[in-house]
């Protein structure tokens, strides 16, 4: 191997690996357990709907226009059409991705062909920083805590070579959300040539009139990309499908770095059905809020601090190291997410599950919190 190639791979080795939540099958095998409650990956315990499952069955078995032996519609025209109707945008303002993670990667590819930097608040979704570095950019991390993020710090951190800001709102894993004034300040205060990527993976868990949707500013800022996913409230995590909203010029640029057939036909068909069912979203939103209210009350009773008002998860701080809690809960058939990888060694992230799952969680963890 040449010195140049060796140096290249040494740079890759410095990029952190994304560590997903521990899968159910692995925990069963490792601990010899039969039933597992997974509260680690912010999946929707109520989805997908029967209508979505029936649409998947039809897509698999197929007619003359469908089936596993055929390539999908490369640009996802029919799903994009459904999204356009739902979000009241033009068809050409939508790009599809293999989950919102791929959309972040596409944005990074578009921005860092010739290098540069990205501003990302501390404790943000790890894929943001990984995507930037993999594309050849560097990360400027701004100050943030488990309970707040500073828009002013983001604006001040931008350098002459900054080409992108990744801003998850609400943030995963902290659950911190910036209000409309903060979003507007970021949209209007950021240098115009910088691409602002606002990740709204958990928007649907908030009441529609209470969430500061960055898409409202698409007409005011050319370099704005707003991300959404079908992995959370829509319950389609295993199908890997998400979408981005931007102005037509931005979407055309992203199409240049989008891989052909990046979203499969089953995912497109399922998502198209799911986005047409607002009643399911209302149901999940209500169930999630009930679970959140109960969780906050239980945490208060156990003298634990919790954060996160938006999303299907909460961040809880305890006196016990998160990794120790994680191991002990695994032995009791419950998977949560320790946050030491996000520099929050005393915090765990807990997905809000069904009532019986949350009861099992508190029954398991309560003796450890005494």
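Residue numbers (my numbering): 5 to 374. Cβ atoms here follow ideal geometry from the backbone N, Cα and C, with glycine treated the same way.
Spatial distance of residue i from residue j (CA atoms)
i	j	result
residue 171	residue 216	13 Å
residue 5	residue 358	Only weak support exists for where residue 5 lies, its pLDDT of 49 falling under 50; the value from the coordinates is given anyway. Looking at the two C-alpha atoms, the distance is approximately 53 Å.
residue 334	residue 219	40 Å
residue 4	residue 239	In the structure as shown, the chain starts at 5 and stops at 374, and residue 4 therefore has no counterpart that could be examined.
residue 292	residue 266	31 Å
residue 18	residue 138	10 Å
residue 191	residue 210	21 Å
residue 120	residue 325	37 Å
residue 169	residue 124	6 Å
residue 208	residue 249	15 Å
residue 331	residue 198	42 Å
residue 94	residue 256	13 Å
residue 382	residue 268	Outside the shown range of the chain, which is 5 to 374, sits residue 382, and nothing can be said about it.
residue 37	residue 24	20 Å
residue 177	residue 300	16 Å
residue 276	residue 372	44 Å
residue 85	residue 91	10 Å
residue 375	residue 174	With the chain running from 5 to 374 in the structure shown, residue 375 is simply not present.
residue 33	residue 41	14 Å
residue 258	residue 106	11 Å
residue 54	residue 279	14 Å
Residue span of the alpha helix (DSSP H) that contains residue i, given as start and end
i	result
residue 60	54-65
residue 362	359-369
residue 283	282-305
residue 89	81-91
residue 269	269-278
residue 257	252-259
residue 184	184-193
residue 156	155-161
residue 333	326-334
residue 28	28-35
residue 137	130-138
Residues that DSSP places opposite residue i in a beta bridge
i	result
residue 100	247
residue 122	143, 168
residue 203	172, 231
residue 353	319, 341
C-beta neighbour in chain C for residue i, strict 8 Å
i	result
residue 46	Among the protein chains of the structure shown there is no chain C, as only one such chain exists.
C-beta atoms of residue i and residue j nearer than 8 Å
i	j	result
residue 222	residue 231	no
residue 132	residue 108	yes
residue 351	residue 343	yes
residue 141	residue 315	no
residue 244	residue 80	no
residue 247	residue 101	yes
residue 60	residue 270	yes
residue 340	residue 44	yes
Buried or exposed (CB count within 10 angstroms, at least 16 for buried), residue i
i	result
residue 14	exposed
residue 203	buried
residue 294	exposed
residue 236	buried
residue 73	exposed
residue 166	buried
Span of the beta strand (DSSP E) around residue i
i	result
residue 309	309-311
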